[in-house]
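Here is the structure we will look at.
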């Protein structure tokens, strides 16, 4: 991200646990009201008795507490969607539509054509309640047929019924359809950093003049059995059901759900349209860890993302007064994040010598996964609005090994404080971090809009202690070259095989492999209208042990598409003449999944 003119936040909305509007959300933050509670019986499929179990027991959840947002449904008259379709949609879709409606009502888009408005939305690629129910119906029907020799219910599902189970690509396109938004619309998943990635892509669309307004943010509302059991198996879930980020009592994360959306414009357009400006996006840094593991992140990757954001903004780390941390409540993850911040600030001093306030909204609404960054950004923008440094819930004192103990430049607030500035022309500045499982990092810088105080960038400055240098204006656009390719389509396992089929005009379609649906083939074919349609199916994947440094006992647990992705990425690197091993801090990866 090269520095360009700031992006203005001109609208925002959120649906969060315990708060269906932003006034309530802010009230809960200021008063440290946690939304954590027992998961109701209606949310467990199978039931709680079958799912709950002791710690580290296979396929069991050792905590039945989460921060949930139940019974939210948007009314048919509020969106431009067929009533039958709306009735079939998953609760996740209703959250997206509800947050989208509120965000659009909170801004001014009357001067912008619909085809110049786009959507960049983060949503987790996990089964939703509706998707899980569809799968359960198929399996239950198949089991009944096998056990009791009953006839299968092969009633075909309607398109609207199928839509309710769509997870990965549907939320953004549904939002676009509901409000007649005709620009770019897509959904992404970058783990817990997803919302910041969504905002980054939205900013890029605006800077490239591909859009004049973008709706960006995140939503998360998977079936809780996957999050409760999954995080239990990772031993990341809080046994106490209480998120206490940075506190000595922290014992893990508490899952949350909800949606948060921002409406973004270029600053000059926002001023021309007379928009209310909640704040400015001054810089965003993205990175991926090159070491560490799922639950033990690498601080080098986090620092790389943070430095990148400050380079873009032209700030030094000490320019911010508040940092909305990732702060998931996992002792190891929180410790690494604090170490990253201390390393970044090493040798630097704030001009007012006051500790920088830090906190985590997860102590109030839980960990919203792909929506976590959106909750953090909205919290920070509300802090600008109210000129108040917000506290964190469930914090009393740091652990003995925490960097917060010894002369730390950071402080977790336990009560709200007035957010003072040096003078009337100095804007409030803050940072938001979101660090995803597996090492996907995002750091976003926000600045209060103070007329006459901009531009805030200070070109050409450099701080030796932090290693952050601020570059000047962006250079000319550089043409992109494709230097390596890899491919596998169906049983065509290489570029050469694909090339031969294309040039010879030989069909690559084949019959569906036997038992593709694990004994439910006939039922699935009928209910989903597949019949005997041929396709380009991948029947076998052969992975040589050690090629990707994956323990052999873990390969069997991986999804076929994950192994296929690794193989094709390796082929593309080889085709480009690049080694498979080695650190590549300036290389990224974008993978499309279906």
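Numbering (the numbering used here), first residue to last: 618 to 1211. C-beta atoms are modelled at their ideal positions from N, C-alpha and C, and glycine is treated no differently. Note that the structure is a prediction, hence the values are computed from the model and not measured.
Rounded straight-line distance, which links the Cα of residue j to that of residue i
i: residue 804; j: residue 766; result: 42 angstroms
i: residue 684; j: residue 1122; result: 55 angstroms
i: residue 1109; j: residue 1190; result: 19 angstroms
i: residue 679; j: residue 848; result: 9 angstroms
i: residue 625; j: residue 1146; result: 46 angstroms
i: residue 831; j: residue 812; result: 13 angstroms
i: residue 1070; j: residue 960; result: 30 angstroms
i: residue 999; j: residue 938; result: 15 angstroms
i: residue 915; j: residue 704; result: 44 angstroms
i: residue 1117; j: residue 1186; result: 21 angstroms
i: residue 954; j: residue 1029; result: 14 angstroms
i: residue 815; j: residue 957; result: 23 angstroms
i: residue 1091; j: residue 828; result: Confidence is the limiting factor: at residue 1091 the pLDDT is only 46, short of 50, which leaves the residue's position unreliable, though a coordinate-based value still follows. If you take the alpha carbons of residue 1091 and residue 828, they lie about 20 angstroms apart.
i: residue 746; j: residue 844; result: 12 angstroms
i: residue 1197; j: residue 853; result: 31 angstroms
i: residue 888; j: residue 758; result: 59 angstroms
i: residue 756; j: residue 1137; result: 7 angstroms
i: residue 695; j: residue 718; result: 8 angstroms
i: residue 1003; j: residue 885; result: 24 angstroms
i: residue 792; j: residue 1169; result: 42 angstroms
i: residue 1012; j: residue 817; result: 31 angstroms
i: residue 1184; j: residue 763; result: 38 angstroms
i: residue 858; j: residue 934; result: 33 angstroms
Residues near residue i in its chain [Cβ-Cβ closer than 6 angstroms; skip 5 each side]
i: residue 1205; result: none
i: residue 774; result: 1144
i: residue 1063; result: 896, 997 and 1047
i: residue 729; result: 829 and 830
i: residue 873; result: 634, 684, 982, 983, 984 and 985
i: residue 907; result: 1200
i: residue 782; result: 747, 748 and 751
i: residue 621; result: 824
Sheet register partners of residue i (DSSP bridge)
i: residue 1005; result: 1035
i: residue 831; result: 735 and 881
i: residue 1060; result: 902 and 1050
i: residue 873; result: 684
i: residue 1027; result: 973
i: residue 917; result: Paired residue(s): none; residue 917 is not in a bridge.
i: residue 633; result: 636
Expected contact under 8 angstroms - CB spacing of residue i and residue j to nearest Å
i: residue 904; j: residue 1018; result: With a Cβ gap of about 26 angstroms, residue 904 and residue 1018 do not count as contacting.
i: residue 880; j: residue 724; result: 4 angstroms
i: residue 836; j: residue 709; result: 6 angstroms
i: residue 876; j: residue 716; result: 4 angstroms
i: residue 785; j: residue 742; result: 5 angstroms
i: residue 1154; j: residue 1113; result: Going by Cβ atoms, the distance from residue 1154 to residue 1113 rounds to 20 angstroms, so no, they are not a contact pair.
i: residue 777; j: residue 702; result: 5 angstroms
i: residue 925; j: residue 976; result: Going by Cβ atoms, the distance from residue 925 to residue 976 rounds to 23 angstroms, so no, they are not a contact pair.
i: residue 902; j: residue 1060; result: 5 angstroms
i: residue 878; j: residue 1182; result: Contact doesn't hold; Cβ gap of about 29 angstroms is too wide.
i: residue 810; j: residue 990; result: 6 angstroms
i: residue 753; j: residue 662; result: 6 angstroms
Three-state secondary structure (DSSP) of residue i
i: residue 822; result: helix
i: residue 844; result: helix
i: residue 761; result: helix
i: residue 981; result: helix
i: residue 718; result: helix
i: residue 949; result: helix
i: residue 865; result: coil
i: residue 704; result: helix
i: residue 669; result: strand
i: residue 812; result: helix
i: residue 1119; result: helix
i: residue 941; result: strand
i: residue 805; result: strand
i: residue 627; result: strand
i: residue 1091; result: Any reading at residue 1091 is ruled out, since the residue's pLDDT is 46, under 50, leaving its predicted position unreliable.
i: residue 1165; result: coil
i: residue 1106; result: strand
i: residue 654; result: strand
i: residue 929; result: helix
Residues near residue i in its chain [Cβ-Cβ closer than 7 angstroms; skip 5 each side]
i: residue 790; result: 802
i: residue 1134; result: 1141
Cut-off 8 angstroms between Cβ atoms - residues of its own chain near residue i, not counting five sequence neighbours on either side
i: residue 669; result: 677, 678, 679 and 681
i: residue 697; result: 794, 795, 796 and 797
i: residue 1021; result: 863, 955, 1015, 1027, 1028 and 1029
i: residue 856; result: 672, 679, 680, 868 and 869
Minimum Cβ-Cβ distance from residue i to chain C less than 8 angstroms
i: residue 820; result: The structure shown contains no chain C; it is built from a single protein chain.
Residue i: CB within 7 angstroms of a non-hydrogen atom of the ligand HEM
i: residue 1006; result: As for the ligand HEM, it is missing from this structure, which has no ligand bound.
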